[in-house]
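Data first, discussion second: the structure below is written as structure tokens.
Residue numbers (UniProt numbering): 1 to 250.
Quick look at the structure:
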């Protein structure tokens with residue numbers, strides 16, 4: 001589904017490589033979390049996948065197509081919802097379709113169907129200020145979904161939410177993923193969140209990034225939080241937390 005092949009990358013004003021000969025694969029419909037210290041390059045990987053950064057050596061493929069020649073959009077959901085304050089929820093949701101060239105009325109009709117599907121239809125004429133943080137993130141997710149991409153990049157989407165809302169959103173996201181059959185890459189600093197959501201975790205533990213350590217989460221789907229109390233999961237959590245502590249200066 002997604003493949004990095006010997007990718008070298010650094011930012012223009014940086015003398016040192018951020019990624020060196022980086023190769024990894026993501027299979028179709030996987031849910032993968034990426035964890036690592038702040039500034040280690042997690043979001044930069046997303047920027048490469050989404051085409052926001054193209055000045056790199058090596059190759060990146062989606063469904064065997066090189067992303068440098070790929071037309072279309074990657075679904076990218078940032079930490080902040082970035083909803084436009086003067087547009088209604090329906091108008092915000094339909095924005096990716098308008099950017100893709102659909103007429104406003106047609107785009108809104110398509111967006112309205114998804115708002116109904118996700119139980120948000122009654123909010124379609126409200127504005128972002130009228131919604132809670134969790135509701136705004138649901139709208140942001142739907143907007144990302146409407147890019148039509150098979151791959152969704154979620155960059156710490158729940159980090160600004162309170163603890164209870166965050167738990168609710170994690171459970172909601174798993175339900176949507178199991179229904180939609182999308183491939184999700186999810187950046188987080190929260191090891192427990194990564195364990196609860198993911199089938200596999202990529203750990204960044206060096207700089208420049210030459211490889212991603214893969215950790216398989218030994219619990220199946222559907223999941224509940226009691227599974228996090230299994231001894232094998234607790235052991236993995238402790239190992240990951242200790243590794244991140246050691247790499248805090250990465």
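All residues carry an ideal CB built from backbone N, CA and C; glycine is no exception.
Per DSSP, which one or two residues make a beta bridge with residue 214? 202
Taking residue 46 as part of the alpha helix (DSSP H), name the residues at either end of that continuous run. 42–49
Here's the rule I'm using: 16 or more other beta-carbon atoms within 10 Å means buried, otherwise exposed. How should residue 181 be labelled? exposed
Please report the distance separating the alpha-carbon of residue 96 from that of residue 10. 29 angstroms
If you reduce the DSSP assignment to three classes, tell me which class residue 164 lands in. Here residue 164 sits in helix by DSSP.
Take the Cβ of residue 82 as the centre, count every other Cβ of all protein chains shown within 10 Å, and call the residue buried at 16 or more, exposed below. exposed
Beta-carbon within less than 7 angstroms of residue 136's beta-carbon, same chain only, minus the 5 sequence neighbours each way: which residues are those? Cβ within range, chain order: 81, 83, 128.
Is it true that the CB of residue 61 sits closer than 8 angstroms to the CB of residue 155? no
When 216, 196, 140 are compared against residue 223, the one with the closest alpha-carbon: 196
If you draw a straight line from the alpha carbon of residue 184 to that of residue 78, how long is it in whole angstroms? 13 angstroms
Would you kindly check if the distance between the Cβ of residue 90 and the Cβ of residue 114 is under 8 angstroms? Taking the C-beta atoms as reference points, residue 90 is found no nearer than 8 angstroms to residue 114.
On the criterion of 16 or more Cβ atoms from any shown chain inside 10 Å, does residue 93 qualify as buried, or is it exposed? Residue 93 is buried by the Cβ-count criterion.
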